[in-house]
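In my numbering, the protein residues as written are 120 to 525. For every residue, glycine included, the Cβ atom is placed at its ideal position computed from N, Cα and C. Values in this document were obtained by computation on a predicted structure and should not be read as measured data.
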Amino acid sequence: MRALEPRPARQDSLRERNLALVLKQIADAPEPVSRAEVAATTGLTKATVSALVDTLVSSGLVGELEPRLAKPTGRPATGLVIDGTRIGGLGVELNAGYLAACVVDLAGAVRHREVVRDDQRGQDPERTSAVLAALAAHAIAVVAADGLVTAGVAVAVPGLVDWPAGVLRFAPDLGWRDVDILGLLSRTAELSRVPVTVDSEANFAALGELHSVAAAPGDFLYVRGGTEVRAGIVVGRELFHGMRGWSGEIGHVTVDPDGPACRCGAWGCLERFAGLEAIVRASGLPVAATDPAVVDRIAEAASAGDARTDQALRTAGRALGIAGAGAINLLDLPEIVLGGSYAPLAAWTAPELQREVDRRVLSAAWSPVTVRPGTAGTDAAVLGAAGSVTRAIMRDPADWLRREVR
């Protein structure tokens, strides 16, 4: 890749950077901060900070609290916080077994959540997109009644996503290929007026995990289990997408070249050993992998000491460890987080996964890799999708200001 030519900083770009810097200081502060404290932390002048804060307040990004005494002998200072009353981000999730919508405000509070249980396997993409768009439009209307403006929509989908184009290239669970999700959703009036992005559910679930734990590390591999197995790669507290947004397809990493054929066309993929279908088949349990209660049934059988289920989960854990170790050797990440169906089954899969990682990661002797279940739960993807909208505003508040003007 050719290096970009250095460009001189313009006055407006300098202001944009300082605007983001001040907003970040307010957001990261453990308690409300004053203008003077922000100036002291950032090194900007008090006059500059005051002008920037006024802009952030008037645009609905920052709120002011009642004046307080910064020091017993000082003048009262007005505390600054992120304003959660005016702007929100909408996440919608298209899952094989359900559709979901969630709105979070700028301060991170959930303002609306709705889940519709509806099997999407084999459904017509236009029909499903219309239902999903109606769910999103309803969420926008609900929060608008509370005075919240929806700044954007992020759509989590189960498959290989052409991230920049918003096209779902391949979704085995749904039986879809080359579906223009972005185009279909933009037909709805409410969604045509706001920015819409599309990404894999594993990527958004990784973001949901990132923000569910205050002390979460900024670098980890998030592996989301289900009938399909995918990963989200977080580096420096940001998603790594790859050139076309197709990273994270860990379910199709080969763990046994002589293993069973996979629906992707290869042999011995991780999904054939660690996906829900493989676990159910190996356990012999009388439940479909698509049953909403399948994970509970597997956990119940394993807890009751069922030998076949225990062995099926251990086999899945070993396969996850082989694939996970390869990813860690390549990416040098300190942690593997188990999400989706793997989180409630971690008591059986995680020890085997950890054992394989310890054996196979070259640097494990000096820098052990942690394996743990995720904490964001089943809402991880839709929460992460909603949070991605507000993250974008926090990262570049000037872009929001330009949109407001238009």
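In this structure, the straight-line span from the alpha carbon of A517 to that of S132 is close to 9 angstroms.
With a 10 Å radius around the Cβ and a threshold of 16 neighbouring Cβ atoms, S177 comes out exposed. Short of 6 angstroms from the beta carbon of P376, and not among the five residues preceding or following it, lie these beta carbons of its own chain, in chain order: G387.
Residues G208, G210, A273, T316, D318, F323 and L326 of the same chain have their beta carbon placed closer than 8 angstroms to that of S507, with the five preceding and five following residues left out of the count. Beta-bridge partners assigned by DSSP to Y341: G351 and V456. In this structure, E320 sits away from R306, with a CB-CB distance that is not shorter than 9 angstroms. Taking V262 as the centre and dropping the five residues before and after it, the same chain places the C-beta of G207, V222, R230 and H231 closer than 6 angstroms to its C-beta, in chain order. In the DSSP assignment, I206 falls outside any alpha helix (DSSP H) and within the unbroken beta strand (DSSP E) covering I206 to L213. Taking the C-beta atoms as reference points, V234 is found nearer than 9 angstroms to A219. Counting along the chain, no alpha helix (DSSP H) covers R312, and no H or E run does either. Taking 8 angstroms as the upper bound for CB-CB distance, L199 and S153 are in contact here, some 7 angstroms apart. Less than 9 angstroms separates the beta-carbon of L304 from that of A252. Under a 10 Å Cβ-count criterion, P291 is classified as buried, with 16 or more other Cβ atoms of the shown protein chains found around its own Cβ.
In the structure shown, W295 falls within a strand segment according to DSSP collapsed to helix, strand and coil. Here A420 is near L404, since their CB atoms are less than 9 angstroms apart. The C-alpha of A255 is placed about 8 angstroms away from the C-alpha of L310. Distance check between Q473 and each of L449, L142, A444 and D451 places A444 closest, using alpha-carbon atoms only. Secondary structure within the segment 220 to 289: the alpha helix (DSSP H) runs of 4 or more consecutive residues, fully enclosed, are 244 to 263 (chain order).
The three-state reading of DSSP puts A385 in coil, since its state is none of H, G, I, E or B. In the DSSP assignment, T161 falls within the unbroken alpha helix (DSSP H) covering R154 to T161. By DSSP's assignment, E419 forms no beta bridge with any residue.
In the structure shown, G182 falls within a strand segment according to DSSP collapsed to helix, strand and coil.
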